[in-house]
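Numbering (our numbering), first residue to last: 1 to 129.
All residues carry an ideal CB built from backbone N, CA and C; glycine is no exception.
Because the structure is a prediction, the values reported are computed rather than measured.
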Ligand code: CU1
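So this is what it looks like as structure tokens:
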């Protein structure tokens with residue numbers, strides 16, 4: 001009787017110990033940018049990002065139609081983000097289902113490189129913790 005109670009306690013202690021380790025790995029989240037609207041014109045990505053806590057290891061998934069000249073995703077710096085300009089050497093994704101791993105802390109900036117789309121609101125800034 002007593003030994004089974006001790007066994008139960010040991011099991012409980014082990015479960016608690018494992019649970020305490022989980023958040024570090026389980027916290028990596030995947031976000032679909034714009035949720036069901038995806039990556040498109042006419043969406044307020046500032047509002048979408050607002051209140052979300054992005055962390056190193058999280059993934060942003062950009063979903064959009066990827067036909068010729070539809071959309072793309074360009075990773076830019078703050079200056080290009082502000083001016084909606086596309087640097088020649090900027091990493092660019094074009095698949096229509098682009099998963100970007102947020103590999104380091106700090107601010108990340110994304111724009112659509114198609115003419116006029118960034119000005120039309122296709123720009124996303126996230127602060128990664
Ligand atoms: Cu676009």
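For residue 108, there is no enclosing alpha helix (DSSP H); the residue is part of the beta strand (DSSP E) that begins and ends at 106-111. For residue 45, the three-state secondary structure derived from DSSP is helix.
For the alpha helix (DSSP H) assignment, the uninterrupted runs of no fewer than 4 residues enclosed by the segment 53-128 are, from N- to C-terminal side, 78-83. In this structure, the alpha-carbon of residue 63 lies about 12 Å from that of residue 122. Neighbourhood of the ligand CU1, defined by CB distance below 6 Å to any of its heavy atoms: 71, 112, 114, 117, 122, in chain order. A direct Cα-Cα distance of roughly 13 Å separates residue 82 from residue 107. For residue 27, the secondary structure class from DSSP, reduced to helix, strand or coil, is coil. Considering only 78, 73, 48, 43, the residue with the shortest C-alpha distance to residue 112 is 73. Ranked by Cα distance from residue 118, the options 88, 60, 104, 45 are led by 45. When the Cα atoms are used, residue 53 and residue 69 turn out to be separated by approximately 32 Å.
Cβ neighbours of residue 60 within its own chain (closer than 6 Å, five residues either side excluded): 31, 33, 100. Of the other Cβ atoms in all chains shown, 16 or more fall within 10 Å of the Cβ of residue 71; this residue is therefore buried. Rounded to the nearest angstrom, the gap between the Cα atoms of residue 79 and residue 95 is 25 Å.
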